[in-house]
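Visitor:
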Amino acid sequence: MIIEGLMVYYARVPNPWQHADQEPREMTSSNNEYDRPRLYAGDGDRLLEADRNTDRIVLLPSNDPRQATIGGGEIRIQWGQSLLRDVLAGRYRTVVCSINDTDNSHGIIGTLLEMVTTSQWNIESATSYAKVFQDAIGLHDRHDNEPYVLKFDLDSLLILAILRPKGKDHFSVNDLEKGFRTVSKMIENRHDRQAVASVSFLGARSNQLRDENGKEPPFEMVVKAMYNAGYRGDVYPSLAMWHTAPTGVFATYPFPDSLDRMREGSS
């Protein structure tokens, strides 16, 4: 499937819910012709076959789609989708992002404040509010509870912005997890704040995320921190992550146990 020039397709991997003693069905030319689902009309399937030079995302199956549990115990990863477009389409009531008290001109919060027609905020007033809040915290708090989460109610959209800790030029993974613990409490049992989406905090310009070595952490560490904090909403990967092929990706977190087994050297 083409999404803004991006080829998205499923890798040919063993079926994770096929029994080990179940023999795979022998594929014949007749089976290929009649049993394989068609995606496009006409000759579209053949014309849109990916090659090594095509920007693409390789989606790997992780769970049996015929099974489901009540409550939604996973984080959905919205590969190939546009957060801004989905927000404008009204698919989300709440968006989680970041803010600082000095300059957010390159952050997604500015774009959100501008494009939501019911917004009475702009990037300047939001940054000023963050600074006033940060200064007040400096007078009355020892910053033990940082990072704080600021709410911007745009009527049709609620923005929960994790405030970068005072005196820091980036977020740490620990900051992110603490911030999402607060976010999770703010949306727990609040049906009026569902559905919820978050940025990945990777590839950011205004509020960068760094690990203990000063480098951007892998995406797995980010969603793990969100998950451990109790977050169960959607996450939108950064645009740079749309070009990770041939490395396969999963559409939900936690990732399957098979990934850890492979890292440990077993099949």
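Residue numbers (my numbering): 737 to 1003.
Note that CB positions come from ideal geometry on N, CA and C, so glycine has one too.
1. Is there at least one non-hydrogen atom of the ligand PLP closer than 8 Å to the beta-carbon of A933?
2. What are the complete alpha helix (DSSP H) segments, minimum 4 residues, inside the region 777-854?
3. Can we say the region 992-1001 touches the region 824-841, given the rule of at least three CB pairs closer than 8 Å?
4. In whole angstroms, what separates the C-alpha of V924 from that of L875?
5. Express the C-alpha separation of P773 and F916 in angstroms, rounding to a whole number.
6. With DSSP as the reference, identify every bridge partner of D970, one or two as the case may be.
7. For the pair the region 900-912 and the region 949-962, tell me if three or more CB-CB distances fall below 8 Å.
8. What separation, rounded to the nearest whole angstrom, lies between the Cα atoms of A976 and V985?
9. With 16 other CB atoms within 10 Å as the buried threshold, where does L849 fall?
10. Give me the Cα-Cα distance between N943 and R782, rounded to the nearest whole angstrom.
11. Does the distance from the CB of D839 to the CB of Q870 come in under 9 Å?
12. I need the boundaries of the alpha helix (DSSP H) containing D911, first residue and last residue.
13. Report the three-state DSSP secondary structure of A897 (helix, strand or coil).
Guide: In this structure, then:
1. Looking at this structure, you won't find the ligand PLP or any other ligand, since it has none at all.
2. 780-783, 819-824 and 844-851
3. no
4. The residue asked about is misnamed: residue 924 is Glu in this sequence, not Val. Cα to Cα, the separation comes out at about 30 Å.
5. 40 Å
6. R812 and A933
7. yes
8. 14 Å
9. buried
10. 43 Å
11. no
12. V909 to I923
13. strand
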